[in-house]
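A short write-up of the structure that comes next.
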Amino acid sequence: MRKCRFAPGGIYHIYNRGVDKREVFISESDYIRFLCSLYRFNDIAPTSNLHRIAYDVRGLTSNISDKPDKRKRLVNILYYALRPNHFHMTLQELIEKGIEKFMQKIGTGYTMYFNKKNKRSGALFQGTFKAIAIESERYLMEISRYIHLNPLKNIEPEFREKGVENIDKAKDFLLHYKWSSFLDYVSIKNFPLLINNEIHKGYFKDASQHKDFVFEGLFEVKPRTCKGIL
Numbered sequence: 103m104r105k106c107r108f109a110p111g112g113i114y115h116i117y118n119r120g121v122d123k124r125e126v127f128i129s130e131s132d133y134i135r136f137l138c139s140l141y142r143f144n145d146i147a148p149t150s151n152l153h154r155i156a157y158d159v160r161g162l163t164s165n166i167s168d169k170p171d172k173r174k175r176l177v178n179i180l181y182y183a184l185r186p187n188h189f190h191m192t193l194q195e196l197i198e199k200g201i202e203k204f205m206q207k208i209g210t211g212y213t214m215y216f217n218k219k220n221k222r223s224g225a226l227f228q229g230t231f232k233a234i235a236i237e238s239e240r241y242l243m244e245i246s247r248y249i250h251l252n253p254l255k256n257i258e259p260e261f262r263e264k265g266v267e268n269i270d271k272a273k274d275f276l277l278h279y280k281w282s283s284f285l286d287y288v289s290i291k292n293f294p295l296l297i298n299n300e301i302h303k304g305y306f307k308d309a310s311q312h313k314d315f316v317f318e319g320l321f322e323v324k325p326r327t328c329k330g331i332l
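The sequence shown begins at 103 in my numbering and counts up one residue at a time.
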């Protein structure tokens, strides 16, 4: 399905799901492992043995931030959301083939970890990751909202088709969902080192404006620009 061509400076919506729609994030440690990998694999240099690193929330937010960032990054991570059987990211390519190298590292590294932990073998994700080029500011903003609302499907699977049943409950859920970049964009420190928000700053004057923009999507049904995506 990946029809777009990557180019340095380009921005892309990247997503993939578990093979046969299986869950790929089963425990909190799985989410933490994947998020740590997003940071450590985002480097031109070979990655050290991740099995020797402690994977917990404190390690992701403090151990990394206490050290100078010497990485030469492959991509900028603008937005992300993880759900039990799939993930979404918005990436900006920084070097030639940066996205492909980054996603190859992520796919191989996380699959090896997951298979070893769960005593399984074979592919974990459903083929090659999917990618859509983001070619307008409007589409970038729509994708930011789409990704940040996506975890709501955990409690309201058909909210896009049928509307949100309880707006207040939906807002509260999203404001407490750790496995998304949404919290860092609304000034709730979560995993700020994962994202680069410089492009985002040009569209919203403050965190409150972005939060309002995302929550406006709770009143929409079937967002026209994002049909057919996970």
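We put the CB at the ideal spot given by N, CA and C, even for glycine. Predicted model, so just to flag it, every value in this text is computed and none were measured.
- The beta carbons of I245 and I236 sit closer together than 8 Å.
- In this model, I179 and K221 are separated by some 31 Å (Cα to Cα).
- Between A309 and V288, the C-beta gap is smaller than 8 Å, which places the two residues in contact.
- Per DSSP, A272 is one residue of the alpha helix (DSSP H) stretching across 269-276.
- Membership of K172 in any alpha helix (DSSP H) is not indicated, and neither H nor E is assigned to it by DSSP.
- A contact between stretches requires three or more CB pairs, one per stretch, nearer than 8 Å, and the region 248-262 meets this requirement with the region 274-288.
- In the same chain as H188, and ignoring 5 residues on each side of it, the C-beta atoms closer than 6 Å to its own belong to R119, L332, in chain order.
- For the pair E263 and V316, the CB atoms are not nearer than the 8 Å cut-off.
- Note that the C-beta distance between P294 and L196 is not below 8 Å.
- Each residue's CA atom was taken as its position, placing I234 and Q206 some 17 Å apart.
- F143 sits in coil when the DSSP states are folded into three classes, being neither helix nor strand.
- Between L193 and Y114, the gap from beta carbon to beta carbon is short of 8 Å.
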